[in-house]
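Chains as they are written, first to last, in the numbering used here: chain A, 1 to 206; chain B, 207 to 519. Cβ atoms here follow ideal geometry from the backbone N, Cα and C, with glycine treated the same way. Each remark here refers to the structure printed beneath this line.
In structure tokens form, the structure reads like this:
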């Protein structure tokens, strides 16, 4: 009973946030900033793994997959080598599947290369509770035993609920739990706008 | 998003949106079957009862595997080895089993309407795995999925169902589903094996197979239920094969890139020759594999859909 009533509250909160959000969206990073952050991450991945050999990128759908595609291009420009690229939908590995009332629409997971003994870099847009990444790690291991799994995110907004950290971070943004961080990418959100990371401040009640 | 109903009793009345959602989700689960570990943890903690009052190999194994690949716990019930033989009623049996905390029930029964009856006395999500001559919705879905997989879309395709349409729940589910998705459906069989209300389905009705095959993309051959033929629905098996069996000569009437389907079990040499059943245009085994993916999708999409009374608790 308790659980359900809190669920309803959080839904209400979200709606309230959306309404107040349009008033005060704070821009944290513009298109050039996003591009610089990704270029740095690409360099860091290559530095950490001593080149592109045996490195593979797996993006978490939807925006993580877009970012992984961009990183693949950047790494190719820097190193002249094309690393393997995959994408995954983590909904089937979520920890709340049996308590939700509606199942989310799932997208296709495409990991067409062998993950065994690879250094896999998981890519996502925003790192928050860490639950998505937990699911992604579990799913990835079901595809085989990678040599290592690393994590690259465009934004780390804090508030982890699991012992998970990112190896490569585009931008650390201190947030409240009620804030909404939105990442806008041309490929997913329309070519007519610029890439951006913005934050909508929620009520400070929490 | 999400299906309109929390049960799957049949494809009659299911909207094109819902059918599309099930078929799209099946594509995802089809991919999981190609992974090294063909299992996802999605339905961990849910318990599914497979309630089979009629014998079944393919469908029961397919459902059980689908449940296991989603990490649900499964229990199998078959009427022959239970207290049904001691005279316990269906209602008592299922309510007792549900009292042991069951979340979903997959049911097959010789009486049409049994799945609906279960929705009235249980809180679980009910999935029809074949009820009498009514419907077999997951078979209909897997046939549609297999056709869509090959042609990309169901719209405008001409699909012919041949055989014992009258007693076939597979035929009914196929007709309802395919019509909703915009396919052009025809049925063919001896007049004794066509339903009285055949025109009501909005399909073309033939009693001559050669005419029926003209311009068809997909032929779905239904099994002649030999055990039913004691009642004299047609004069002899030999005559049936002669008039309604699929042979190489007859295939020439079909459209190019045609597909042969059969829900199984096949009576080789009766409704279809072995040669055709094993040919490249036959997708019989692909249907079986797809069946698992479709059933996983149905289990996934219905899971978590609570009844009204449960929600108010």
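For residue i and chain A, any beta-carbon pair shorter than 8 Å?
i: residue 312(B); result: no
i: residue 234(B); result: yes
i: residue 509(B); result: yes
i: residue 208(B); result: yes
i: residue 433(B); result: no
i: residue 211(B); result: no
How would you write the range of the beta strand (DSSP E) that residue i sits in, first residue to last?
i: residue 335(B); result: 331-337
i: residue 84(A); result: 84-88
i: residue 253(B); result: 253-258
i: residue 56(A); result: 55-60
i: residue 314(B); result: 310-315
i: residue 168(A); result: 168-172
i: residue 138(A); result: Per DSSP, residue 138(A) belongs to no beta strand (DSSP E); it is in the alpha helix (DSSP H), 131-142.
i: residue 156(A); result: 148-156
i: residue 183(A); result: 180-184
i: residue 122(A); result: 119-127
i: residue 282(B); result: 279-284
i: residue 366(B); result: 364-368
i: residue 246(B); result: Neither: residue 246(B) is in no beta strand (DSSP E) and is coded neither H nor E.
i: residue 392(B); result: 390-394
i: residue 197(A); result: 196-200
Could you list which residues in chain A have their beta carbon closer than 8 Å to that of residue i, in chain order?
i: residue 243(B); result: 142 and 143
Give me the chain B residues within the contact set of residue i, using Cβ-Cβ distance strictly less than 7 Å, ordered along the chain.
i: residue 106(A); result: 231 and 234
i: residue 66(A); result: Per Cβ cutoff of 7 Å: no residues; residue 66(A) is ~19 Å from chain B at best.
Taking only beta-carbon positions, decide if residue i is within less than 8 Å of chain B.
i: residue 109(A); result: yes
i: residue 198(A); result: no
Go to residue i, then tell me how far its alpha helix (DSSP H) extends in each direction, as first and last residue.
i: residue 26(A); result: No alpha helix (DSSP H) holds residue 26(A); the beta strand (DSSP E) holding it covers 25-29.
i: residue 269(B); result: 264-275
i: residue 503(B); result: 490-508
i: residue 232(B); result: 222-238
i: residue 68(A); result: 63-79
i: residue 380(B); result: 375-386
i: residue 298(B); result: 296-304
i: residue 483(B); result: 480-483
i: residue 353(B); result: 343-357
i: residue 322(B); result: 320-327
In chain A, what lies closer than 9 Å to residue i by C-beta?
i: residue 506(B); result: 92, 97, 103 and 106
i: residue 237(B); result: 108, 109 and 110
Between residue i and chain D, is any beta-carbon pair separated by less than 8 Å?
i: residue 188(A); result: The structure shown contains no chain D; the protein chains it does contain are A and B.
Q. Looking at chain A, which residues of the region 343-354 of chain B have a Cβ within less than 7 Å of any of its Cβ atoms?
A. Here the close residues number zero.
Q) In the region 401-467 of chain B, which residue ranges form an unbroken beta strand (DSSP E) of at least 3 residues, counting only runs that do not cross its ends? A) Listed in chain order, the complete beta strand (DSSP E) runs (minimum 3 residues) inside the region 401-467 of chain B are 410-412, 424-427 and 465-467.
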